[in-house]
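Below: the structure, in structure tokens.
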Amino acid sequence: MALDGYTDQKMSRQAMKAELLDAETELRLAYAWRDQRDEAALHRLITAYMRLAISMASKFRRYGAPMNDLIQEASLGLMKAADKFDPDRGVRFSTYAVWWIKASIQDYVMRNWSMVRTGSTSSQKALFFNMRRVQARLEREASQRGETLDGHQLREMIAHDVGVPLADVEMMEGRLSGSDYSLNATQSSDDEGREWIDALEDDSAQAAEVVEGTHDAARLRDWLVTAMGQLNPRERFIVTERKLRDAPRTLEALGEELGLSKERVRQLEAAAFGKMRRSLEAQSREVHHFLL
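Take any residue in the sequence shown, count from 1 to its spot, add 2: that is its number in my numbering.
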């Protein structure tokens, strides 16, 4: 159900005019969609419960997301619920749909809260949506007892109350404490000041590392060419087909082509690798770590 061009007020008015389904009608529509893929039944089922989706979306406005976007995500969750609903389980569709609608809205809010992903695990989601509320309650209860909680005590109590590790509470507190900033912003009020991005360390390879890597790769390639030269044509063929192709061939396929059993091809492969190992070790002990 696309919401382009609709205002949240218009959507709300339309939803309030939708029919209220009794349990029997709801069940009939659910069966029609599940068993016959009746799109008219699906549309009627979704339309009837859009008021539920809009009501749930409105509860997330405090996170700063546009209401239209929240309704859009709620409607997507509602459609997923309708697609996966099993009427044989004896559960009302509205009860089932609540979980899908909530999950869809929460995922959207967390994706858009920050450019940096705020959380993905169940414990991180629980903290994101409950941490401030739990913190306020704990502080209020402590104040009523005449106690003052320091930061560490408060984080420990939040972790215990929500049922998550203390490390998750500390991480989420840091993520929720600040906003995103552009790396192109200047470090001072001076328009010609250095941008923050200029202070980041360049993690690309340095010139010396590039030269050293190129030299080592060339030397290793020479060692391998020499080692391959110690093999007979059949051994080179097996090694090439098994290890140097983008899509390595199986022992069975090579056996059929060479007229050998799978076990014999495996033995020849092992013997070829043994020859190459001895050749490489004879050329330089530095290559030993490549063979481990």
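In this text, a Cβ means the ideal position worked out from N, Cα and C, and glycines have one as well.
Buried or exposed, going by whether 16 or more other CB atoms sit within 10 Å of the CB of Asp85?
Mapped onto the sequence shown, residue 85 falls at position 83. Classification of Asp85: exposed, given that the 10 Å Cβ count is below 16.
State the Cα-Cα distance for the pair Glu143 and Thr150, rounded to the nearest angstrom.
Sequence index remark: in the sequence shown, residue 143 carries index 141 (1-based). Sequence index remark: in the sequence shown, residue 150 carries index 148 (1-based). Cα to Cα, the separation comes out at about 10 angstroms.
Could you spell out where the alpha helix (DSSP H) holding Pro235 opens and where it closes?
Reading the sequence shown from its first residue, position 233 is the one you call residue 235. Unbroken alpha helix (DSSP H) run through Pro235: 235-245.
Is Leu233 closer than 7 angstroms to Met174 when the C-beta atoms are compared?
Reading the sequence shown from its first residue, position 172 is the one you call residue 174. Reading the sequence shown from its first residue, position 231 is the one you call residue 233. The criterion of a C-beta distance shorter than 7 angstroms is not satisfied by Met174 and Leu233.
So Tyr33 and Asp71 are supposed to be a Cβ contact under 8 angstroms. How far apart are they, rounded?
Locating residue 33 in the sequence shown gives position 31, where the first residue counts as 1. Locating residue 71 in the sequence shown gives position 69, where the first residue counts as 1. 33 angstroms between Cβ atoms; not a contact.
Let's see if you can read the secondary structure: which residues bound the alpha helix (DSSP H) around Val267?
On the sequence shown, residue 267 is found 265 positions in, with the first residue counted as 1. 264-285 is the span of the alpha helix (DSSP H), which, as asked, contains Val267.
Closer than 6 angstroms by C-beta to Pro89: which residues in its own chain qualify, once you throw out the five before and the five after it? Chain order, please.
Walking along the sequence shown from the start, residue 89 turns up at place 87. Around Pro89: Leu29, Ala32, Tyr33.
For a test of the three-state rule: what should DSSP assign to Pro89, helix, strand or coil?
As a first step, residue 89 must be located in the sequence shown, where it is residue number 87. Correct three-state label for Pro89: helix.
Give me the residue from Gln16, Leu260, Arg147 with the minimum Cα distance to Arg238.
On the sequence shown, position 236 is the one that residue 238 refers to. It is Leu260.
Which of helix, strand or coil does DSSP assign to Phe62?
Looking up residue 62 in the sequence shown gives position 60. Looking at Phe62 - three-state DSSP - the assignment turns out to be coil, as it is neither helix nor strand.
Considering only residues of the same chain and omitting the five flanking positions on each side of Asn114, which have a CB-CB separation below 7 angstroms?
Numbered from its first residue, the sequence shown carries residue 114 at position 112. So the qualifying residues of the chain are Ala67.
When we look at the beta-carbon of Glu265 and count the other beta-carbons within 10 Å, is it buried (16 or more) or exposed?
As a first step, residue 265 must be located in the sequence shown, where it is residue number 263. With fewer than 16 neighbouring CB atoms inside 10 Å of its own CB, Glu265 falls in the exposed class.
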